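Here's the structure, in structure tokens; my notes come after.
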Amino acid sequence: MCGRYNIIDDPAIRDLLAYLGIRQQLQTTYNIAPTEMVPVIRQGEAAPELCRMRWWLVPSWAKEPSTKYSMFNARAEGLAESRAFRHPFKRQRCILPASSFIEWRKEDGKQPYDIRLQQGALALAGLWDCWGEGSETILSCAMITTDATPGFRHIHSRMPVMLEQDMLHQWLNPEIDGRSLMACLLPNLPGPLQAVPVATRINNSRVKEKPEPIAAEERIE
């Protein structure tokens, strides 16, 4: 599962936004955790748009917002059947722009790794939904995860779905049924990754500092 990620306002993030026609800039934010408000790209009336959503999906049919169930990640394998995710998967897909994400490897305890593309920013696949009406409206999202690729499995058995650039507009297009996009969710890397062990301070979601490397990075392909 993916429970933390980072956004850095750098040329890679700006290039990703520009490719999707987004003119706003993102604020550098470290150690973003579930239930926080996050920048999300979804399809607007005429073009992709950037908005802020709660990273913990609240289904439109829920009686009230709740954190009783883990709704910040959505397993790719069950999207079409899940009561919570099947409707958003059909027409309400989104992208969470990220510079890197944190994953934990079981060693002596849990060792966090900061994981990024060697080149470019990450376009993480997500789903969104809208709960409530008027002033009570909550826009929320979940990040989609899939089985890890062979080169990633020594860190974790799951990883976020990292979309290839040529998939982005299809993924956002609400006129395309999500079930025809299942190939986008198969275990795949859009390019080589860098994985760096970082200090365990990052385990505390209140720590909003740049992850501190404690060992040399490794390349994942």
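Using our numbering, you'd call the opening residue of the sequence shown number 1 and step up by one each time.
Even for Gly, the Cβ is constructed at its ideal location relative to N, Cα and C.
Predicted, not measured: the structure shown is a model, and the values here were computed from it.
Within the continuous alpha helix (DSSP H) that includes D166, where are the two ends? D166 -> no alpha helix (DSSP H), and no H or E assigned at all.
Of the residues R93, A148, W128, the one placed nearest R105, counting alpha carbons only: A148
By how many angstroms is the C-alpha of D108 removed from the C-alpha of R91? 43 Å
Alpha-carbon to alpha-carbon, S135 and T29: 27 Å
Nearest neighbour of A46, chosen from M162, P174, E221 [CA to CA]: P174
Through-space distance from H156 to A76, alpha-carbon basis: 16 Å
Strictly by DSSP, which residues pair up with Y5? I32, F101
Taking C-beta to C-beta, are P11 and L172 nearer than 8 Å? no
If the criterion is Cβ atoms closer than 8 Å, does the pair L96 and M143 meet it? yes
Compute the Euclidean distance between the alpha carbons of G3 and N31, then round it to the nearest angstrom. 9 Å
Short check: CB of G191 to CB of Q111, under 8 Å? no
So, are the CB atoms of I202 and I138 less than 8 Å apart? no
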